[in-house]
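Visitor: FYI, full-length UniProt numbering numbers position 309 of the sequence shown as 309, with every residue one higher than the one before it. For glycine and all other residues, C-beta sits at the position ideal for the given N, C-alpha and C.
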Amino acid sequence: MRHMLMDDSLTSAEQNQVLHLAAQMREDRFLRRPFEGPKTVALLFDLPSTRTRVSFATGVAELGGHSLVIDTGASQLGRGEPIADTARILSRMNHMIVWRTSGHERLVEMAEHASVPVINALTDAGHPCQILADFATIAQRRDGLEESGPALAGRTLAYCGDGANNMAASYLIGGALAGMHVRVAAPAGWAPSAETVQRASAIAAETGGSVTVTGDPREACLGAQVIATDTWVSMGTEKDERIERALRPYEVTEELMALGDDALFLHCLPAYRGMEVAASVIDGPASAVWDEAENRLHAQKALMTFLADAASSSSTGQASTGEATIGPADTRAPGDSAHPSAPTATMEAAR
1 MRHMLMDDSL TSAEQNQVLH LAAQMREDRF LRRPFEGPKT VALLFDLPST
51 RTRVSFATGV AELGGHSLVI DTGASQLGRG EPIADTARIL SRMNHMIVWR
101 TSGHERLVEM AEHASVPVIN ALTDAGHPCQ ILADFATIAQ RRDGLEESGP
151 ALAGRTLAYC GDGANNMAAS YLIGGALAGM HVRVAAPAGW APSAETVQRA
201 SAIAAETGGS VTVTGDPREA CLGAQVIATD TWVSMGTEKD ERIERALRPY
251 EVTEELMALG DDALFLHCLP AYRGMEVAAS VIDGPASAVW DEAENRLHAQ
301 KALMTFLADA ASSSSTGQAS TGEATIGPAD TRAPGDSAHP SAPTATMEAA
351 R
């Protein structure tokens, strides 16, 4: 059974395939209807959400299905029912499970016991659906599409800020998978974990990309085609002066943007103007954040279609006849990388 637990749950070719389908779905919102019936997709939320909840619920509807939105705090799962039991029950009544949770190990356990595809809608380890949307945005705004997918290989993406969080990890792993040159600028104590860098570097060695971690935001942004950041105030944490002091030099300003090569600005939102990004940047002409937010819908629809086709192919033992060409069913243990040389790793929790 195929799942989307981290960015490298897909191969490089499959990532391109999903992004290509996302571009088609942006042009034709009802191109595919894999949940016709309607089939039901369970959307579980341990954490607050706006874009993720809306984009998945809307996406399931546009794919012909029905979304069952569960705030887990009001469910037995939130009262301590074993994840394995929840996975078995949800699998008998739903065709896919989407979960936004804190501990990545919880998502992995759900996938281990589910008999339907499981999608990471954000954990402390990564945010792969957001990265697919970001890459779809880069292709839309800068590259267009090649036959096999967006022409992202060789592009340079700079991320400035908290390098130890889930977005930085997904940029490193997802960007390496796309053959991009990913640079992360973060202060000492806020850098990506060694395991994350090793995992991304192993992938980049095969795709022609590269991974750089630096303490200098100017070095990271010089010549970059994309400059991204994330909030300094993660969900579940309060505003902290220590965080502000450490990360203030990494605020994305007009001066940093000017170092890029006609750079796009990306932010997964919500944004705090005057903290991680200047208002003149996020509200300025280089900002692609609104296209980026919309592309959550199209990228996730493409991903759900990919996984639905893969599940159908696996259950019938036949190749999919849909528009998306699907690879073999995933026989890896949940959490294992689809990329053969990428080591598994437990990544640091978001701050």
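Quick test of your reading: Val-292 and Asp-134, contact by CB under 8 angstroms. State the CB separation rounded to the nearest angstrom.
Guide: Before going on, a small fix: residue 292 reads as Glu here, not Val. So it is a contact: roughly 6 angstroms between Cβ atoms.
Visitor: When the Cα atoms are used, what is the spatial distance from Leu-132 to Phe-45?
Guide: Cα to Cα, Leu-132 sits roughly 20 angstroms from Phe-45.
Visitor: DSSP beta-bridge partners for Thr-214?
Guide: Paired residue(s): Ala-185.
Visitor: Note down the Cα distance separating Ser-320 from Ala-311, rounded to an integer number of angstroms.
Guide: Caution is warranted here: a pLDDT of 39 is assigned to Ser-320, below 50, making its placement in the model unreliable, and no coordinate value can be reported.
Visitor: In the DSSP assignment, find the alpha helix (DSSP H) that holds Met-96 and state where it starts and stops.
Guide: Note, Met-96: premise wrong, no alpha helix (DSSP H); beta strand (DSSP E) at 96 to 100.
Visitor: In this structure, how does DSSP classify Thr-325 when only helix, strand and coil are distinguished?
Guide: Summary for Thr-325: the model assigns pLDDT 37, below 50, so the residue's position carries little reliability, and this model does not support an answer.
Visitor: How would you write the range of the beta strand (DSSP E) that Leu-68 sits in, first residue to last?
Guide: Unbroken beta strand (DSSP E) run through Leu-68: 66 to 71.
Visitor: Could you tell me whether the Cβ atoms of Gly-123 and Asn-166 are closer together than 8 angstroms?
Guide: The amino acid occupying residue 123 in the given sequence is Thr; Gly does not appear at that position. Closer than 8 angstroms, so yes.
Visitor: Give the range of the beta strand (DSSP E) segment to which Cys-160 is assigned.
Guide: First-last of the beta strand (DSSP E) with Cys-160: 156 to 160.
Visitor: Out of curiosity, what's the CA-to-CA distance linking Leu-19 and Pro-150?
Guide: The straight-line gap from Cα to Cα measures roughly 7 angstroms.
Visitor: Between Met-4, Asp-283, Val-69 and Glu-27, which lies nearest to Leu-145 when the distance is taken from Cα to Cα?
Guide: Out of Met-4, Asp-283, Val-69 and Glu-27, Glu-27 has the C-alpha closest to the C-alpha of Leu-145.
Visitor: Using only the alpha-carbon positions, how far apart do Arg-32 and Leu-256 sit?
Guide: Taking the straight line joining both Cα atoms gives about 41 angstroms.
Visitor: State the DSSP-derived secondary structure class of Phe-135, mapped to helix, strand or coil.
Guide: Phe-135 falls in the helix class under three-state DSSP.
Visitor: Going by other Cβ atoms of all chains shown within 10 Å of its Cβ, with 16 needed for buried, is Arg-100 buried or exposed?
Guide: So Arg-100 counts as buried.
Visitor: Put Val-233 into one of helix, strand or coil per three-state DSSP.
Guide: Three-state DSSP puts Val-233 in coil, outside helix and strand.
Visitor: I'd like the list of long-range same chain contacts for Asn-295, defined as Cβ closer than 6 angstroms, with 5 residues on each side in sequence excluded.
Guide: Once the five neighbours on either side are set aside, the close Cβ partners of Asn-295 are Ala-133, Ala-136 and Thr-137.
Visitor: Out of curiosity, what's the CA-to-CA distance linking Gly-174 and Ser-75?
Guide: Taking the straight line from one Cα to the other gives about 33 angstroms.
Visitor: For Ala-22 versus Ala-299, is the C-beta distance shorter than 8 angstroms?
Guide: Yes, they are a contact pair.
Visitor: How many Å lie between Met-4 and Glu-206 at the Cα?
Guide: So the alpha carbons of these two residues sit roughly 21 angstroms apart.
Visitor: Helix, strand or coil, according to DSSP, for Ser-165 in the structure here?
Guide: Note on residue identity: the sequence assigns Asn, not Ser, to residue 165. Note: Asn-165 maps to coil in three-state DSSP.
Visitor: Should Ala-258 go down as buried or exposed, given a rule of 16 or more other Cβ atoms within 10 Å for buried?
Guide: Ala-258 should be labelled exposed.
Visitor: Do you know whose CA, among Ser-49, Ala-224 and Ala-286, lies nearest Ala-121's CA?
Guide: Answer by Cα proximity: Ser-49.
Visitor: Locate the alpha helix (DSSP H) running through Leu-21, then write down its first and last residues.
Guide: Where Leu-21 is concerned, the enclosing alpha helix (DSSP H) stretches over 12 to 27.
Visitor: In its own chain, which residues sit with a C-beta less than 7 angstroms from the C-beta of Thr-305, not counting the 5 before and 5 after it?
Guide: For Thr-305, where only same-chain residues beyond five positions count, the Cβ hits under 7 angstroms are Leu-21, Arg-32, Pro-34, Leu-63 and Ala-324.
Visitor: Count the other CB atoms, across all protein chains shown, that sit within 10 Å of the CB of Thr-316; report buried if there are 16 or more and exposed otherwise.
Guide: Classification for Thr-316: exposed.
Visitor: Determine the burial state of Gly-59: buried for a count of at least 16 other Cβ atoms within 10 Å of its Cβ, exposed for fewer.
Guide: That one is buried.
Visitor: Could you pull the start and end residues of the beta strand (DSSP E) that Phe-45 belongs to?
Guide: First-last of the beta strand (DSSP E) with Phe-45: 40 to 45.
Visitor: Can you grab the Cα-Cα spacing for the pair Arg-249 / Pro-217, in whole Å?
Guide: Looking at the sequence provided, one finds Pro at residue 249 rather than Arg. So the two alpha carbons sit approximately 8 angstroms from each other.
Visitor: Can you tell me the Cβ-Cβ gap for Leu-307 and Arg-2, rounded? I've got them flagged as a contact below 8 angstroms.
Guide: Confirmed, Cβ separation roughly 5 angstroms.
Visitor: Taking the beta carbon of Val-98 as the centre, do at least 16 other beta carbons fall within 10 Å, making it buried, or is it exposed?
Guide: So Val-98 ends up on the buried side.
Visitor: If you draw a straight line from the C-alpha of Val-211 to the C-alpha of Ala-125, how long is it?
Guide: The alpha-carbon atoms of Val-211 and Ala-125 are separated by roughly 18 angstroms.
Visitor: Can you give me the Cβ contacts of Ala-42 inside the same chain, cut-off strictly under 6 angstroms, excluding the 5 residues immediately before and after it?
Guide: Within the same chain, Ala-42 has close Cβ partners Leu-68, Leu-90, Asn-94 and Ile-97.
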